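Peer 1: Chains as they are written, first to last, in our numbering: chain A, 238 to 375; chain B, 238 to 375; chain C, 238 to 375; chain D, 238 to 375; chain E, 238 to 375; chain F, 238 to 375.
Ideal Cβ placement from N, Cα and C applies to all residues, glycine included.
From a predicted model like this one, the values you see are computed outputs, not experimental measurements.
Here it is in structure tokens:
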């Protein structure tokens, strides 16, 4: 079993804001992350799959295909977008990095088989900043 | 003459949109950067000053003071903000990295003397993404 | 279960020196790391916790609180210090990165509950240089 | 159990080409990676071992010895080489990063005991580019 | 005058070999860089242009256009290629990073005007490895 | 004229302390950098030379020779050392990064001619931390 990873990126705006709470409570809990006019990040996304290399290619997965899958299913839907307003799969969810990484996993775990019958999704890792990142293994 | 640099960072939302133009022309010129609902970045800011080291300290400038100056005058006004809506010194300007770096220069060149009488401002460098950056020397 | 990580840093001096051994044996085993007058590093510390996101915040842990905890309990006690002389929790221990990461774990595993009742400590990772690093999972 | 890692690097040329296939099929499957005249990379190699620290040294493994082992057994055989033509342990194998990391593991798992009786090989990680990397755990 | 930079990359094989010299002299001067079977690198290319921002866009140059220009004129001709065999503009030249950066400059200085009438080429910077890089200013 | 750079590194301990001042004034001016028991850094050193490439080699300077020169003259005298106590060329000087980069320049400017008759020293750049760095051009 070899683990193979591909790094992609996207830029997006978001805010952390719970509509069930008052503005004061949002400000108290989320601080500047609750700024009504949004803020944003350069997100770095690392997707890891695992499997046995194909004897004919030496590949667990063709990384060009994995890159295209991630772009088509994930980063084209997030890049230069507002995570709270523009992204159907984040609708009605808190736009935290934790929730975002879970939704990215759900999409990739059902679409990975379209590019490989030997690779399984292992991990989705997402950097919000160079100092804050999350990982999800399903 | 020694050149001394300090690296700071901030996260912000913005869009590129010229209000004199139609939405179609903005979309044509700026593409996804014109997204009405904003996008954002982790900006990395590097400020370089120059001067002769003080014989008593070995310093051109005390980097703790330079860091505090940059935070107070620049990054606290930009961090977790919307460059188009929340930042007085960007009002009525296109929120491009080029314009932002010029405005940052203008503020630092008039405030640097409050922390040092031997350092002169040399360069302001601003990364919008790891692959796109600008520099301004006055 | 989502894994959430925070990156902090500190600068410190240390040496590798076993007081039970002769200076010659220390020099033989540790080489330049045994230099009597010390050497030092920019340490990079990554703390990973795990848990289920809180439905109200989308957070496993508030990263501002995790950052403050790491600073108060760990990096303020290590930054600009001598690991052999200035740090109570390293007293009478070899100042290796392995021993340091174990002591950091012991402190965080008992204090993490003060900032979150849903996050568990998962991993402490410590870079001594960009090319040498250690990890501890308890 | 503490995990200790060492980062090394090497530069090499290679191509992805299956001699059982026609040139057209190679071009179709591998694209520019099948270029007859080769291409190349700066490979970054991270080797992780695990074990309990030695009470006398604080070390799971002496990283100078681990570095020398990796250089002697691995990187000196790969650096400034052609992976398809110059490397005995890659002979008759597809020169994919997946196959390379498996062969590196096989060599290190049998030679690690020459430098330590307490460290076990845990992981070999290999970056082909900053955006593509593989890991192998045996 | 603002300086604007764009970072691109390519992977290539090359060797350092002077055909006027004996194999022994090549080996003596270039060492492993003269390996007959080639070696390779992940090259990182940074192109800097300068000019006054356009008042309507805030841009010195549209970075999407600069990126496309660099890809069409430079990196598509170098990526996954052999610098000695596959690249017309390096024919009969030593495949050193110094010579490569001069040739890249010559191409960009004559094509930049196709995407901007206000930007001038300022610098071409090329990393051969993370530790070795060259710059050319014309 | 092409500019060619080489990146080296060293680890060292130091403190900022002016012996003409009281301990209180040192503490006031230098804060934790004046810690009596020292602190330390992973210093990153980038040396840039300039010249015209040699037509026979394509080199401004042989980077293997430049690397060996920097190691012999500079980093072997600084690595795993105490900048205040162990380094003859820093004796009786404040151990600031500014003063260190000037002394490194003085040594390299007089020894560069031993490895090349076409390269001139252009810049010495020294990172004390990833966020603080200095440059000296003579």
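#1: Considering only residues of the stretch 255-288 of chain C, which uninterrupted alpha helix (DSSP H) runs meet the minimum length of 4 residues and lie entirely inside it, listed in chain order?
#2: Name the DSSP beta bridge partners of residue 369 of chain E, please?
#3: Excluding the 5 residues preceding and the 5 following residue 279 of chain E in the sequence, name in chain order all residues of the same chain whose CB lies nearer than 7 Å to its CB.
#4: Looking at the C-beta of residue 314 of chain C, does it have a partner C-beta in chain F at a distance below 8 Å?
#5: Residues of chain F with CB under 9 Å from residue 366 of chain C, in chain order?
#6: What residues of chain F sit near residue 354 of chain B, judged by a beta carbon separation below 8 Å?
#7: Report the partner residues of residue 248 of chain F according to the DSSP bridge assignment.
#8: Tell me where the alpha helix (DSSP H) around residue 337 of chain D begins and ends.
#9: Give every residue of the same chain whose Cβ lies closer than 6 Å to the Cβ of residue 242 of chain F, excluding the five residues on either side of it in the sequence, and list them in chain order.
#10: Over what stretch of residues does the alpha helix (DSSP H) that includes residue 301 of chain D continue unbroken?
#11: Pull the bridge partners of residue 361 of chain B from the DSSP assignment, please.
#12: At 8 Å on the CB atoms, spell out the chain F contacts of residue 243 of chain B, in chain order.
#13: Answer yes or no: does any C-beta atom of chain A fall closer than 8 Å to that of residue 351 of chain C?
#14: Please name the residue or residues paired with residue 319 of chain E in a DSSP beta bridge.
#15: At least one CB of chain E closer than 8 Å to the CB of residue 375 of chain F: is that the case?
#16: Tell me whether the stretch 345-364 of chain E and the stretch 295-314 of chain E touch, counting them as touching only if at least three CB pairs, one residue from each stretch, are closer than 8 Å.
#17: How is residue 330 of chain A classed by DSSP in three states: helix, strand or coil?
#18: Could you tell me which of B:346, B:275, B:336 and B:291 sits nearest to residue 251 of chain B, measuring between CA atoms?
#19: Taking the Cβ atom as the reference point for each residue, do residue 292 of chain A and residue 239 of chain A lie within a distance shorter than 8 Å?
#20: So residue 331 of chain E contacts chain F; which residues on that side make the cut at Cβ distance below 7 Å?
#21: Residues of chain E with CB under 7 Å from residue 300 of chain F, in chain order?
#22: Is the stretch 331-339 of chain A close to the stretch 360-368 of chain A, with three or more CB pairs under 8 Å?
#23: For residue 253 of chain E, return the contacting residues in chain D, with the cut-off set at a CB-CB distance below 9 Å.
#24: With 16 as the cutoff for other CB atoms within 10 Å, does residue 287 of chain E come out buried or exposed?
#25: Does residue 271 of chain E pass the burial test, meaning 16 or more other C-beta atoms within 10 Å, or should it be called exposed?
#26: To the nearest angstrom, how far is it from the Cα of residue 303 of chain F to the Cα of residue 361 of chain E?
#27: How long is the line joining the alpha carbons of residue 348 of chain A and residue 328 of chain D, rounded to whole angstroms?
#28: Checking contacts by CB at 8 Å: is residue 372 of chain B closer than that to chain E?
#29: With DSSP run on the structure shown, which of helix, strand or coil describes residue 294 of chain B?
#30: Within the 8 Å Cβ cut-off, does residue 284 of chain C reach chain A?
#31: Whose Cβ in chain A lies nearer than 7 Å to the Cβ of residue 335 of chain D?
#32: In chain C, which residues lie with their C-beta within 7 Å of the C-beta of residue 307 of chain A?
#33: Give the C-beta separation of residue 310 of chain D and residue 345 of chain D to the nearest angstrom, bearing in mind that I take them to be a contact with Cβ-Cβ under 8 Å.
#34: What's the gap between the Cα of residue 244 of chain C and the Cα of residue 373 of chain B?
#35: State buried or exposed for residue 265 of chain B, treating a residue as buried only when at least 16 other CB atoms are found within 10 Å of its CB.
Peer 2: Once the coordinates are examined:
#1: The qualifying runs are 260-267.
#2: For residue 369 of chain E, which the question treats as bridged, DSSP gives the partners E:366 and F:243.
#3: These residues qualify, in order along the chain: 246 and 248.
#4: Residue 314 of chain C does not count as touching chain F.
#5: Residues of chain F with a Cβ closer than 9 Å to the Cβ of residue 366 of chain C are, in chain order, 246, 248 and 279.
#6: The premise fails here: residue 354 of chain B is roughly 15 Å from chain F at the closest Cβ pair, so nothing lies under 8 Å.
#7: In the DSSP assignment, the residues bridged to residue 248 of chain F are F:279.
#8: First-last of the alpha helix (DSSP H) with residue 337 of chain D: 334-348.
#9: The beta carbon of residue 242 of chain F is closer than 6 Å to those of 283 and 285 in its chain, skipping five residues each way along the sequence.
#10: Counting along the chain, the alpha helix (DSSP H) containing residue 301 of chain D begins and ends at 300-307.
#11: DSSP lists B:284 and B:373 as partners of residue 361 of chain B.
#12: Residues of chain F whose Cβ lies closer than 8 Å to the Cβ of residue 243 of chain B are, in chain order, 368 and 369.
#13: False, the Cβ-Cβ gap to chain A never drops below 8 Å.
#14: For residue 319 of chain E, which the question treats as bridged, DSSP gives the partners E:250.
#15: With 8 Å as the cut-off, residue 375 of chain F does not count as an interface residue toward chain E.
#16: Segments in contact, yes.
#17: Residue 330 of chain A falls in the coil class under three-state DSSP.
#18: Here the closest residue by C-alpha is B:275.
#19: Not a contact, by the Cβ cut-off of 8 Å.
#20: The contacting residues are 294 and 295.
#21: Near residue 300 of chain F (Cβ distances below 7 Å), the residues of chain E are 369.
#22: The stretch 331-339 of chain A, when compared against the stretch 360-368 of chain A, does touch it at the 8 Å Cβ threshold.
#23: Neighbours of residue 253 of chain E on chain D: none; closest Cβ ~10 Å, over 9 Å.
#24: Looking at its Cβ environment, which holds 16 or more other Cβ atoms inside 10 Å, residue 287 of chain E is buried.
#25: That one is buried.
#26: Roughly 22 Å separates the two Cα atoms.
#27: Here the alpha carbon of residue 348 of chain A sits roughly 35 Å from the alpha carbon of residue 328 of chain D.
#28: When Cβ-Cβ separations below 8 Å define contact, residue 372 of chain B makes contact with chain E.
#29: Reduced to three states, the DSSP call for residue 294 of chain B is coil.
#30: It does not: the Cβ of residue 284 of chain C has no partner Cβ on chain A nearer than 8 Å.
#31: Residue 335 of chain D reaches chain A at 239, 241, 290, 295, 296 and 297, counting residues in chain order whose Cβ is nearer than 7 Å.
#32: Residues of chain C passing the Cβ test: none, with the nearest at roughly 19 Å.
#33: Indeed, because the Cβ distance is near 7 Å, the residues count as touching under 8 Å.
#34: When only Cα atoms are considered, residue 244 of chain C and residue 373 of chain B end up about 30 Å apart.
#35: Exposed.
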